[in-house]
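**Student:** Got a structure here, written out as structure tokens. Questions coming.
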Amino acid sequence: MTEPTVVATHLTLNYRKTPALADVSFAVGRGIVGLLGPNGAGKSTLLRIIATATSSYGGDLRMLGRDPRNAQDRLEIRRRLGYLPQEPGFHPRFTAFEFIDYVAILKEMTDRVRRHAEVRRVLTAVGLADQQGKRIKALSGGMRQRVALAASLLGDPEILILDEPTVGLDPEQRLRFRELIADLGENRTVVLSTHQTEDVAMLCQSVVVLHQGQIHFEGSSPQLAALADGRVWSDSVKDPRAVAAWRSADGSYRNLGMPPDGAPTLPPTIEDGYLMLVQPTAGAAVAA
Amino acid sequence: MRARIPWRAMPGPTARALPWGPLTACLVAGLLIMMVPAAATAGLGVDNIVNLARIVMLAGALGVAFLLDDPAASTTAVLPVPRLARIAVRGLLAVPVLAGWWALTLAAAHLAVAAEVRPAVPALTLTVEAAALVCVAFALAGIRRGGAAGTVGGIVAAPLTLVLVLLLQFLPDGWSLFVGAGDPRWREAHVIWSVLAGSALLASGLLAHEPTSRRATTRPAPQPVGAGVRR
């Protein structure tokens, strides 16, 4: 692994008395890190902390060697950070260009000519060069998502934090998004939170699974898939012992859990490994 | 190291981003409250005008309570230009509008009173009251919520402003700030209004600062990314 750019140690955060994050520690370097977890697992909370959007956490965080709770350090981090929140907001009467230009101004880009060139660059990167003059209220949900992504790319940030960026994108847009993120991940740290396990499998060099505010897995996509090695089997019926089972396209059932003796097992996917971690009854199977 | 604040580039887009709708609606409503009597009669007493002016300034303050509403706050939350600068630009952009509106209000008030009592209309001290209420509403609008850039918004700040004004209205006689024009406590009350305006501005500034932890933190050793299940 390259030199860590984000180092979290014993991060904790409570919403009133409910723990949103409990003793979360990890370190990531250059490359794309996938953050998986069910709704309410604490993914967005963790990303908000890393994005310096909140400083009311316990434990310690270093980003690019700096402490985000220190005002000077936080400023420097923000100059080198891009953040796409889970629910990005816009000024709907602005055009895409005007909005990105406004964000660029708030990113301290004072030189108008260079700023406009940078705005055009990021709009082109997300495939919105042709739509830059359209008002945001006239854009589709997927296009707005790309406007927000473009905003996060301003200034070529060293750390890019993307909270469920593919929500609202159609398959073609998702494919384009994957291309873009794969390129971006070559020379920076990208932390990508998503529910799309196939995005993680195709893009991420490492995966962190967060569940109930704690890290349950840290490793590579194949290692996550390997958690379900020998735990996936095909049958003509839904096996009641399976922790999860679904009818596949060929009509057979894909069962996940402890297979019966002699059952033909299937090669696991990253989704199988993930389900083994987060399904309430799957823990014992993983331990076994 | 300080943030490089693009003071010249910010006002244009910020002005377009301001929620002019609620502010304009409240300012127009307030102005009408004063203009309708002014059009109907030119014989109101000074106390009537003072009371009307207070209703108008409350309307203006309610509009100001929406001034920091920002639908793009989540997208712009962690950008380097500090929250204080963004809030200051928003407030400063509204100042000329509010000044013009208040000047029109005072002009209408002037027309609504009988000619012989016009010099007795306390325009300057009423302006202090109006400024204080507007500053209080602005400070309440800046109450932080949801991290780096979020505020409670006008939906919370406007009712808070209203409740505060009602509380001030029902203070016992010796404490009341809404005193009549001939009241012996007029001067004292307006000193308090001035202090309130200054305090509200100070509070706005403090609320605009992002919190920084002074807690000592230990520098951690980097944790290797080791593959495996953690239980």
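From first to last, the protein sequence lines stand for chains L and Z. Every letter in the first sequence is one number past the one before it in our numbering, and letter 5, counting from 1, is 5. Every letter in the second sequence is one number past the one before it in our numbering, and letter 185, counting from 1, is 473. Here a beta-carbon is modelled for each residue, glycine too, at the ideal position from N, C-alpha and C. Just so we're clear, the structure is a prediction, and the values are computed from it rather than from any experiment.
1. In angstroms, rounded to a whole number, what distance separates the CA positions of L/R241 and L/R66?
2. Output, in sequence order along the chain, the residues in the region 32–55 of chain L whose CB is closer than 9 Å to any CB in chain Z.
3. Along the alpha helix (DSSP H) that carries L/R254, what are the first and last residues, could you check?
4. Under 8 Å between C-beta atoms, does L/V64 make it to chain Z?
5. If you measure between the beta carbons of L/L147 and L/I136, is that distance less than 8 Å?
6. Mapping DSSP to helix, strand and coil, what is Z/M298?
7. Do you know offhand how far L/D170's Cα is from L/A151's?
8. What does DSSP give as the partner residues of Z/A349 in its beta bridges?
9. How about L/T197: is its C-beta nearer than 8 Å to some C-beta of chain Z?
10. What residues are listed by DSSP as bridge partners for L/F26?
11. Taking a contact to mean a Cβ-Cβ separation below 8 Å, would you say L/L64 touches L/E158 in this structure?
12. Can you tell me where the beta strand (DSSP E) with L/F214 in it begins and where it stops?
13. Mind listing, in chain order, the continuous alpha helix (DSSP H) runs of no fewer than 4 residues lying wholly within the region 389–448 of chain Z?
14. Taking C-beta pairs closer than 9 Å, name the residues in chain L that Z/R405 reaches, listed in chain order.
15. Taking the alpha helix (DSSP H) that Z/G309 falls in, what are its first and last residues?
16. Return the residues of the region 87–100 of chain L that lie within a Cβ-Cβ distance of less than 8 Å from chain Z, sorted by chain order.
17. So is Z/V444 in contact with chain L if we call contact Cβ pairs under 8 Å?
18. Can you name the residues of chain L whose CB is closer than 7 Å to the CB of Z/R292?
19. Is any beta-carbon of chain L found at less than 8 Å from that of Z/T413?
20. Out of curiosity, what's the CA-to-CA distance linking L/A263 and L/I270?
21. Would you list, in chain order, the members of the region 464–492 of chain Z that have their beta-carbon closer than 7 Å to a beta-carbon of chain L?
**Tutor:** In short, the structure shows the following:
1. 49 Å
2. If the cut-off is 9 Å between Cβ atoms, the region 32–55 of chain L has V33, R48, A51, T52, A53, T54, S55 near chain Z.
3. No alpha helix (DSSP H) holds L/R254; the beta strand (DSSP E) holding it covers 253–256.
4. A small correction: the amino acid at residue 64 of chain L is Leu; Val does not occupy that position in the sequence shown. Not one chain Z Cβ lies under 8 Å of L/L64.
5. What sits at residue 147 of chain L in the sequence shown is Val, not Leu. Yes. Within cutoff.
6. coil
7. Cα-Cα distance, rounded: 20 Å.
8. Z/A349 is not bridged to any residue.
9. no
10. L/A8
11. yes
12. Before going on, a small fix: residue 214 of chain L reads as Gln here, not Phe. 214–219 is the span of the beta strand (DSSP E), which, as asked, contains L/Q214.
13. 411–429
14. Reading off the sequence shown, one finds Val at residue 405 of chain Z, where the question assumed Arg. Within 9 Å Cβ-Cβ: nothing; Z/V405 doesn't reach chain L, min ~46 Å.
15. 308–328
16. E87, P88, G89, F90, H91, P92, R93, F94, E98, F99
17. no
18. When 7 Å is used as the limit between beta carbons, Z/R292 is near these residues of chain L: E108, T110, in chain order.
19. no
20. 21 Å
21. none
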